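Colleague: Numbering (my numbering), first residue to last: 230 to 622.
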Amino acid sequence: MKKLKICMISKYPPHKGGTSSLNYWLSRRLGELGHEVHVVTDPPETGENYLKNLDAEQISDYEPKNVKVHGAESVSGTNLKSRVSFLVNFSLGVMEENAIDVIDTKYFIPYGVAGFFLKLIKGKPLVTRHGGSDMLYLLKDPSYRTLLISMLKNSDKIILDPSKLEEIKSLGVEEERIAACSDHVNGTGHVSAKEARRFLEKTGIDDAFPIIGCFGKISRGKGLIELLSSLSKIKNEEFLLLLAPEAERGMIKSCVSRSGLERKTKILDYQPPWLMPYLYHSLTALIATEVDFPVKFHTPLTAYEAFASGKCTVISEETHEKYQFKNLKDGVDAVIVNPKDTGNYAKRLKWIIRNPEKAEGIGINAKSSARCSNRGVILKKLLEIYGETAESG
């Protein structure tokens with residue numbers, strides 16, 4: 230395959246969240262294979278931008294090999310009422326300066342719509358990827374529905390969750406435009422014991438005891454209250470609860486305090502994607518539970534990353550029902566719990582804390598599971614999609 234030049238329009242650091250992390254690792258993997266990725270993103274709505282605090286080493290991680298980021302540090306962009314216009318403007322400059330082969334977007338608004346306009350303006354092929362809220366809310370909202378259906382019908386390829394295939398076809402989208410596959414390229418890499426120790430020392434993490442981790446958007450539909458309630462039942466055990474939330478640290482700190490776990494808990498500031506492998510490396514187990522999560526086909530990105538890191542991962546029965554994780558066996562390659570049954574949940578967590586070697590074995594089994602270690606397969610499929618789309622355009 231020829232080396233491609235891809236204009237990726239979506240969330241990317243300094244945006245937080247699973248989509249930003251997913252796009253970071255996807256662009257990084259593409260760059261490592263020699264493809265050129267130009268990421269166009271808008272400044273976060275909060276105006277929070279941690280990029281200015283990055284040292285030279287982290288800047289090279291932020292823009293890894295063959296990846297260039299445009300728009301993230303714009304001062305005026307934060308106040309623009311039309312993010313679509315902002316993204317189209319930056320992307321036009323990128324496309325005029327570089328021989329872009331294909332436009333890639335994730336999230337329908339504003340990124341997919343911006344990509345749709347660019348396709349109409351520049352005539353370049355468009356690959357559209359969706360997020361959870363796209364299907365649950367935006368596509369059903371009459372304020373956007375007509376535009377989004379037109380965008381989908383005119384996309385050269387739509388990368389789609391398999392469970393949504395029939396729904397999209399029912400809109401009149403031609404099946405040959407649809408690729409029902411994942412775009413989760415797990416963000417893990419080799420971390421030596423020395424590197425991990427240096428990172429832990431910098432962040433003040435005490436790894437003398439088993440470490441239970443919970444990362445990302447942990448406060449809404451992710452079972453934080455159930456986790457704290459369960460751990461409070463076994464707080465005489467020796468463990469460290471390591472939290473790295475994307476937001477709402479004050480609220481999370483209050484929940485920890487009410488559970489009586491202040492001395493057992495370390496709450497970190499938000500950690501960008503390229504530092505997450507160090508956190509995963511330090512864990513005894515990761516908590517990736519969903520409890521009454523509104524987007525039913527959503528799967529937690531942290532679970533993929535923990536599986537790929539070979540770490541014991543605790544998922545909820547709700548998460549286990551999803552097709553990506555149905556093949557996992559409780560106690561073999563995952564720990565599957567009902568978070569609302571805090572008594573039994575506490576017993577399972579106690580077992581992990583008291584048997585870290587056996588928990589490690591569960592993580593190793595998960596890493597070898599076909600569904601959880603298929604980063605290379607997914608990346609190959611995505612490259613085929615990008616390559617075929619570029620050729621057809």
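C-beta atoms are modelled at their ideal positions from N, C-alpha and C, and glycine is treated no differently.
For clarity, every value in this text was computed on a predicted model and none was experimentally measured.
#1: For I496 and I235, I'd like the C-alpha separation in whole angstroms.
#2: Tell me which same chain residues have a C-beta within less than 6 Å of the C-beta of A657, skipping the five on either side of it?
#3: I believe P356 touches V331 by the beta-carbon criterion, under 8 Å. Please report the beta-carbon distance rounded to the nearest angstrom.
#4: Cutting at 7 Å between CB atoms, please list the residues of its own chain near V420, excluding the five before and the five after it.
#5: With H, G and I counted as helix, E and B as strand and the rest as coil, what does DSSP make of L472?
#6: Since K579 contacts I463 with CB under 8 Å, what's their CB separation in whole angstroms?
#7: State the beta-bridge partners of C236 as determined by DSSP.
#8: In three-state DSSP terms, what is A595?
#9: Thinking C-beta only, is L347 closer than 8 Å to S320?
#10: Whole-angstrom Cβ separation of A537 and L515, contact assumed at under 8 Å?
#11: For A513, which of helix, strand or coil comes out of DSSP?
#12: Contact check, L368 vs L377 under 8 Å by CB: the rounded distance?
#13: Could you give the DSSP three-state label for T528: helix, strand or coil?
#14: Apart from the five residues on each side of it in sequence, which residues of its chain come closer than 8 Å, Cβ to Cβ, to I397?
#15: DSSP puts F444 in a beta bridge; with which residues?
#16: To the nearest angstrom, how far is the alpha carbon of K353 from that of D333?
#17: Residue range of the beta strand (DSSP E) that A408 falls in?
#18: Suppose contacts are defined by Cβ-Cβ distances below 8 Å. Is G300 in contact with Y336 by that definition?
#19: Counting Cβ pairs closer than 8 Å, one from the stretch 559–569 and one from the stretch 448–466, do we hit at least three?
#20: Among all the DSSP beta bridges, which residues are the ones paired with V543?
#21: Beta-carbon within less than 8 Å of L460's beta-carbon, same chain only, minus the 5 sequence neighbours each way: which residues are those?
#22: I need the DSSP call for R492, collapsed to helix, strand or coil.
#23: Would you mind sorting N465 into buried or exposed? The rule is 16 or more other CB atoms within 10 Å of its CB.
#24: Going by C-alpha distance, which of L608, S314 and Y499 is nearest K245?
#25: Opposite H299 in the DSSP bridges: which residues?
#26: Is it right to say A588 is buried, meaning 16 or more other beta carbons lie within 10 angstroms of its own, or is it exposed?
#27: Among S362, R312, V520 and A595, which residue has its Cα nearest to the Cα of G344?
#28: Which one of I288, G247, D412 and G260 has the shortest CA to CA distance from K610?
#29: Considering just the uninterrupted stretch of the beta strand (DSSP E) at R449, what are its terminal residues?
#30: Suppose the cutoff is 7 Å on Cβ atoms and the five residues either side in sequence are ignored; what does the same chain contact list for P293 look like?
#31: Mapping DSSP to helix, strand and coil, what is D498?
#32: From which residue to which residue does the alpha helix (DSSP H) around K369 run?
#33: How many Å lie between D648 and R583 at the Cα?
#34: Residues in its own chain within less than 7 Å of P502 by CB, not counting five upstream and five downstream?
Modeller: Answer, in terms of the structure:
#1: Walking along the sequence shown from the start, residue 496 turns up at place 267. Walking along the sequence shown from the start, residue 235 turns up at place 6. The C-alpha of I496 lies about 37 Å from the C-alpha of I235.
#2: One cannot answer for residue 657 here, as it falls past the ends of the chain, which runs 230 to 622.
#3: Start at 1 with the first residue of the sequence shown, and residue 356 comes out as number 127. Start at 1 with the first residue of the sequence shown, and residue 331 comes out as number 102. It is Val, not Pro, that sits at residue 356 in the sequence shown. About 6 Å; that satisfies the 8 Å criterion.
#4: In the sequence shown, the residue the question calls residue 420 occupies position 191. Hits under 7 Å: P506, Y507 and H510.
#5: Counting from one through the sequence shown, the residue named residue 472 turns up at place 243. Correct three-state label for L472: strand.
#6: Within the sequence shown, numbered from 1, the residue matching residue 579 stands at position 350. Within the sequence shown, numbered from 1, the residue matching residue 463 stands at position 234. Sure, about 5 Å apart at Cβ, within 8 Å.
#7: In the sequence shown, residue 236 corresponds to position 7, counting from 1. According to the DSSP secondary-structure assignment, C236 is paired through a beta bridge with H267 and I332.
#8: Within the sequence shown, residue 595 is the residue found at index 366, counting from 1. Helix.
#9: To locate residue 320, count along the sequence shown from 1; it is residue 91. To locate residue 347, count along the sequence shown from 1; it is residue 118. The Cβ-Cβ distance between S320 and L347 falls below 8 Å.
#10: Taking the sequence shown and counting its residues from 1, the one referred to as residue 537 is at position 308. Taking the sequence shown and counting its residues from 1, the one referred to as residue 515 is at position 286. Between A537 and L515 the beta-carbon gap is near 11 Å, outside 8 Å, which marks them as no contact.
#11: Numbered from 1 along the sequence shown, position 284 holds the residue referred to as residue 513. First, the residue type needs correcting, since residue 513 is Thr and not Ala in the sequence shown. DSSP places T513 in coil when its eight states are reduced to three.
#12: Within the sequence shown, the letter at position 139 stands for residue 368. Within the sequence shown, the letter at position 148 stands for residue 377. With a beta-carbon spacing of about 6 Å, L368 and L377 fall inside the 8 Å limit used to define contacts.
#13: Locating residue 528 in the sequence shown gives position 299, where the first residue counts as 1. Three-state DSSP puts T528 in coil, outside helix and strand.
#14: By 1-based counting over the sequence shown, the position of residue 397 is 168. Hits under 8 Å: L381, I387, L389 and I407.
#15: In the sequence shown, the residue the question calls residue 444 occupies position 215. Paired residues: A473.
#16: Indexing the sequence shown from 1 puts residue 353 at position 124. Indexing the sequence shown from 1 puts residue 333 at position 104. So the alpha carbons of these two residues sit roughly 10 Å apart.
#17: Along the sequence shown, read from residue 1 onward, the residue named residue 408 stands at position 179. Going by DSSP, A408 is part of the beta strand (DSSP E) stretching over I407 to A409.
#18: As a working note, residue 300 is residue 71 in the sequence shown. As a working note, residue 336 is residue 107 in the sequence shown. No, the pair does not count as a contact, with Cβ atoms beyond the cut-off.
#19: Yes, the stretch 559–569 is in contact with the stretch 448–466.
#20: As a first step, residue 543 is located in the sequence shown; it is residue number 314 there, counting from the start. Residue pairing by DSSP puts V543 in a beta bridge opposite I516 and V564.
#21: In the sequence shown, counting from the first residue as 1, residue 460 sits at position 231. Sequence-distant partners of L460 (beyond 5 residues in either direction) whose C-beta falls short of 8 Å from its own C-beta, in its chain, are I441, F468, L470, S488, L490, K493, A575 and L578.
#22: Here residue 492 refers to the residue found at position 263 of the sequence shown. Helix.
#23: On the sequence shown, position 236 is the one that residue 465 refers to. It counts as exposed.
#24: As a position in the sequence shown, residue 245 is number 16, starting the count at 1. Taking each of L608, S314 and Y499 in turn and checking the Cα distance to K245, the smallest one comes out for Y499.
#25: On the sequence shown, position 70 is the one that residue 299 refers to. Looking at the DSSP assignment, H299 forms a beta bridge with V269.
#26: By 1-based counting over the sequence shown, the position of residue 588 is 359. That one is buried.
#27: Walking along the sequence shown from the start, residue 344 turns up at place 115. Comparing alpha carbon positions, the residue from S362, R312, V520 and A595 closest to G344 is R312.
#28: Here residue 610 is taken as the residue at index 381 of the sequence shown, counted from 1. Here the closest residue by C-alpha is D412.
#29: What you label residue 449 is simply residue 220 of the sequence shown in a count that begins at 1. Unbroken run through R449: none, as it is neither H nor E.
#30: Along the sequence shown, one-based indexing puts residue 293 at 64. By the criterion of a C-beta distance shorter than 7 Å, P293 is surrounded in its chain by R257 and G260, once the five residues flanking it on both sides are discounted.
#31: Translated into positions along the sequence shown, residue 498 becomes position 269. D498 falls in the coil class under three-state DSSP.
#32: Working through the sequence shown from its first residue, we reach residue 369 at position 140. K369 -> no alpha helix (DSSP H), and no H or E assigned at all.
#33: Coverage of the chain is limited to positions 230 through 622, which leaves residue 648 absent and any answer about it impossible.
#34: Position 273 of the sequence shown, counted from the start, is the residue given in the question as residue 502. Contacts found: P242, S250, Y253, W254 and G416.
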